[in-house]
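> Handing you a structure now.
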């Protein structure tokens with residue numbers, strides 16, 4: 004039972020490069036989230052999705068795009084990476100309605116030089 | 185914009201001390217309040233999910249209360265142990281939008 008899986012776990016980019024983080028969950032959860040974690044800032048919501056084919060902006064969406072083409076996958080894209088996007092990214096999923104517990108992936112550490 | 189505040193930001197206690205943290209949130213649009221325990225280099229893990237005003241949850245030495253009318257939740261740890269050292273996060277779920285917004289966390293350090 005894999006739960007929530009994020010790939011890649013580590014990546015180093017140069018400014019201006021693009022990349023995609025993949026989040027996959029095998030729990031048939033409706034809601035999925037992308038957060039970034041920075042020292043002293045806690046977890047900040049980037050984008051989220053309440054179902055296949057739907058996405059919405061969170062607190063800090065600028066510079067990121069997302070897609071939820073399949074229920075089990077939630078992709079986070081950086082079209083033109085900036086040093087300010089150096090962070091640890093966490094994907095999470097939950098049953099619809101937020102009343103169940105949130106399951107997190109192991110995190111993806113991204114460094115933009 | 186949902187604003188979830190946690191206090192204190194950090195806490196240092198001696199082994200055996202009992203402690204508590206606060207999570208404050210806007211009482212309107214309340215749907216669920218979550219507490220998570222987050223150890224360094226690991227993923228956050230759920231402690232409690234609470235939905236009803238007056239709800240109280242307990243897991244071992246850790247318990248939580250919820251007041252949705254005044255917009256706060258308390259997390260209590262009785263007889264802190266070094267293995268309780270972690271960051272404790274609360275998150276507010278708004279059922280209308282699906283958003284789940286986290287507070288900045290309270291980092292607990294328990295000294296032996």
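Protein chains in written order, with the numbering used here: chain A, 4 to 116; chain B, 185 to 296. The beta-carbon is built from N, C-alpha and C at its ideal position, and this holds for glycine as well. Because the structure is a prediction, the values reported are computed rather than measured.
Beta-carbon within less than 6 Å of residue 74/A's beta-carbon, same chain only, minus the 5 sequence neighbours each way: which residues are those?
55, listed in sequence order.
> Drop a sphere of 10 angstroms on the beta-carbon of residue 13/A, count the other beta-carbons inside from all chains shown, and report buried for 16 or more, exposed for fewer.
Answer is exposed; the Cβ neighbour count stays below 16.
> Chain A beta carbons: is any one of them nearer than 8 Å to that of residue 215/B?
yes
> If we count Cβ pairs, one from each stretch, closer than 8 Å, do we get three or more for the stretch 62-80 of chain A versus the stretch 42-49 of chain A?
yes
> Which residue marks the beginning of the beta strand (DSSP E) containing residue 47/A, and which one marks its end?
45-54
> Listing by chain order, which chain B residues have their CB less than 9 Å from the CB of residue 69/A?
None at all; the shortest Cβ gap to chain B is about 14 Å.
> Since residue 290/B and residue 272/B are thought to touch, with beta carbons under 8 Å apart, how far apart are those beta carbons, to the nearest angstrom?
5 Å
> Looking at residue 10/A and residue 2/A, is the spacing between their C-beta atoms short of 8 Å?
A question about residue 2/A goes unanswered here, because the residues of chain A that appear run from 4 up to 116.
> Would the stretch 89-106 of chain A and the stretch 35-46 of chain A be scored as touching if the rule is three or more Cβ pairs under 8 Å?
The stretch 89-106 of chain A vs the stretch 35-46 of chain A: in contact.
> Using 10 angstroms around the beta-carbon of residue 192/B, count the other beta-carbons present and answer buried if the total reaches 16, otherwise exposed.
Looking at its Cβ environment, which holds fewer than 16 other Cβ atoms inside 10 Å, residue 192/B is exposed.
> Spatial neighbours of residue 63/A within its chain, please: C-beta separation below 8 Å, excluding the five flanking residues on both sides.
Around residue 63/A: 39, 47, 48 and 49.
> Under 8 Å, do residue 276/B and residue 231/B count as touching if we go by C-beta distance?
no
> Residue range of the beta strand (DSSP E) that residue 259/B falls in?
256-261
> List, in order along the chain, the chain B residues whose C-beta lies closer than 9 Å to that of residue 34/A?
By Cβ distance, chain B contributes 282 and 284.
> CA-CA distance, residue 203/B and residue 6/A?
32 Å
> Note down the Cα distance separating residue 108/A from residue 255/B, rounded to an integer number of angstroms.
29 Å
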